[in-house]
Amino acid sequence: MLKDNLKNIPVAFISIPIVLSIIGLIFIFSTGINPDGSNNNQYIKQFIWIIMGISIALLIINIDYYRLIETSTYYYIAGVILLLVTVIFGKNIRGNKSWLGIAGMGIQASEFMKIFYILFFARYL
Numbered sequence: 039m040l041k042d043n044l045k046n047i048p049v050a051f052i053s054i055p056i057v058l059s060i061i062g063l064i065f066i067f068s069t070g071i072n073p074d075g076s077n078n079n080q081y082i083k084q085f086i087w088i089i090m091g092i093s094i095a096l097l098i099i100n101i102d103y104y105r106l107i108e109t110s111t112y113y114y115i116a117g118v119i120l121l122l123v124t125v126i127f128g129k130n131i132r133g134n135k136s137w138l139g140i141a142g143m144g145i146q147a148s149e150f151m152k153i154f155y156i157l158f159f160a161r162y163l
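End of the sequence shown = 163 in the numbering used here, gap-free, step of one.
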């Protein structure tokens, strides 16, 4: 199924982001070199994020967007509940109680809600 979906994508949609990611990785590597010749390893973190981004993009390609729109009401309700949980249990960071601490990471529920909001109202367009 993934092969069929990848055949329909223009080559530029795949090659341009990969080339730009490689260029960015090179820039991060070159700017991370310390005066003593050591490196701060920021490029490794960037490489991990690139791999995660490619993996997520491949997952998104396989999503049946008609089914996604049909179930968008449930996502919207889950997003509202997540926002309420944030108000009650959110971490206070720099005076804002808009972050949830999950598995040692800070997650902003409003970022998920933006996507759920778009999906919910896209059904009516």
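Even for Gly, the Cβ is constructed at its ideal location relative to N, Cα and C.
Cβ-based burial, residue i [other Cβ within 10 Å; buried from 16]
| i | result |
| --- | --- |
| S76 | exposed |
| G91 | exposed |
| S231 | Absent from the model: residue 231. The displayed extent of the chain is 39 to 163, so no value can be given. |
| S136 | buried |
| F159 | exposed |
Bridge partner(s) assigned by DSSP for residue i
| i | result |
| --- | --- |
| N134 | I131 |
| G144 | G139 |
Where the alpha helix (DSSP H) through residue i begins and ends
| i | result |
| --- | --- |
| L157 | A147 to A160 |
For residue j and residue i, believed in contact at Cβ under 8 Å, the rounded distance
| i | j | result |
| --- | --- | --- |
| S110 | L63 | No, S110 and L63 are not in contact; Cβ-Cβ is about 35 Å, not under 8 Å. |
| G117 | M151 | 4 Å |
Item to complete: Run through the region 48-128 for me and flag every whole beta strand (DSSP E) of 3 or more residues, listed as ranges in chain order.
Response: Counting only runs of 3 or more, we get nothing.
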